[in-house]
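Novice: At position 61 of the sequence shown (counting the first as 1) the number is 61 in UniProt numbering, and the numbers step up by one without a gap. The beta-carbon is built from N, C-alpha and C at its ideal position, and this holds for glycine as well.
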Amino acid sequence: MLCQQCQKRQATLHFTKIVNNEKTEMSLCDQCAKERGDHVPGANSYSIHELLSGLLHSDSPTSQTAAPARKSRHPACQSCGMTYEQFRKVGKLGCARCYETFEARLKPVLSRVHSGYHMHTGKSPKHAVPRRNVQQEIEQLQAEMQEHIVNEEFEKAAEVRDRIRALHSRDSLDETGDA
């Protein structure tokens, strides 16, 4: 694909910009991107590792001198041996079990990265969207019910519980092919 600005060189950077729900895509060569002042890899760029490191380092107000004490409180993953400190340096977890091992420390990070959710849900096929929406609604209602219980609003909690049950029964009917 040719650069959309100069129409001479091969486009190496592809930008997608969304402003006010309007999506604009542009493909540029390195030189045109530099001239425009757009992000060029290798030129003061931030890697995903740096992004995650910034998020991870911001989750604790303690200083670097407290790191040895933190290590002992957060053991290594029993499956792959990775420690939380190694994860902070590398920016990737070693295996699926690391999520369980470091769950308490990862929840605030994942919550910031995923706009308030502590789990990455990824993309779903279009035919699975209604089921995902039901699951999300159930999760939201469960949180609402817990809040009512904490506030001792038991009547409201019972109403929410009934809505959750109705959604569960509707969802199970959908799974059996009744939809």
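Exposed or buried, what is Phe154 when buried is set at 16 or more other beta-carbons lying within 10 Å of its beta-carbon?
Specialist: The residue given as residue 154 occupies position 154 in the sequence shown. By the 10 Å Cβ count, Phe154 comes out exposed.
Novice: So, for Leu167: in the same chain, excluding its five sequence neighbours on each side, which residues have a beta-carbon less than 8 Å away from its beta-carbon?
Specialist: To locate residue 167, count along the sequence shown from 1; it is residue 167. Cβ within range, chain order: Val134, Glu137, Ile138 and Leu141.
Novice: Just how far apart, CA to CA, sit Leu28 and Lys17?
Specialist: Numbered from its first residue, the sequence shown carries residue 28 at position 28. Numbered from its first residue, the sequence shown carries residue 17 at position 17. Taking the straight line from one Cα to the other gives about 13 Å.
Novice: Buried or exposed: which applies to Ala158, given that a residue is buried once 16 or more other Cβ atoms fall within 10 Å of its Cβ?
Specialist: Along the sequence shown, one-based indexing puts residue 158 at 158. Ala158 comes out exposed.
Novice: Counting C-beta neighbours from all protein chains within 10 Å, is the total for Cys6 16 or more, i.e. buried, or is it exposed?
Specialist: Position 6 of the sequence shown holds residue 6. Answer is exposed; the Cβ neighbour count stays below 16.
Novice: How should Leu2 be labelled, buried or exposed, when 16 other C-beta atoms within 10 angstroms of its C-beta is the threshold for buried?
Specialist: Your numbering for residue 2 matches position 2 in the sequence shown. By the neighbour-count rule (16 or more Cβ atoms within 10 Å), Leu2 is not buried but exposed.
Novice: If you run the structure through DSSP and keep just helix, strand and coil, what is Leu35?
Specialist: Start at 1 with the first residue of the sequence shown, and residue 35 comes out as number 35. Here residue 35 is Glu; the residue named in the question, Leu, does not match the sequence. DSSP places Glu35 in helix when its eight states are reduced to three.
Novice: Taking the beta strand (DSSP E) that Thr24 belongs to, which residues open and close that run?
Specialist: If you number the sequence shown from 1, residue 24 lands on position 24. Unbroken beta strand (DSSP E) run through Thr24: Glu22 to Leu28.
Novice: Determine the DSSP secondary structure at Gln5, reduced to helix, strand or coil.
Specialist: The residue given as residue 5 occupies position 5 in the sequence shown. Looking at Gln5 - three-state DSSP - the assignment turns out to be coil, as it is neither helix nor strand.
Novice: Expressed to the nearest angstrom, what Euclidean distance is found between the alpha-carbon atoms of Glu100 and Gln4?
Specialist: For this step, residue 100 is matched to residue 100 along the sequence shown. For this step, residue 4 is matched to residue 4 along the sequence shown. The alpha-carbon atoms of Glu100 and Gln4 are separated by roughly 46 Å.
Novice: Let me know the secondary structure DSSP gives Leu106 once reduced to three states.
Specialist: In the sequence shown, counting from the first residue as 1, residue 106 sits at position 106. Three-state DSSP puts Leu106 in a helix.
Novice: Sort out for me which residues DSSP pairs Phe15 with in a bridge.
Specialist: Reading the sequence shown from its first residue, position 15 is the one you call residue 15. Met26.
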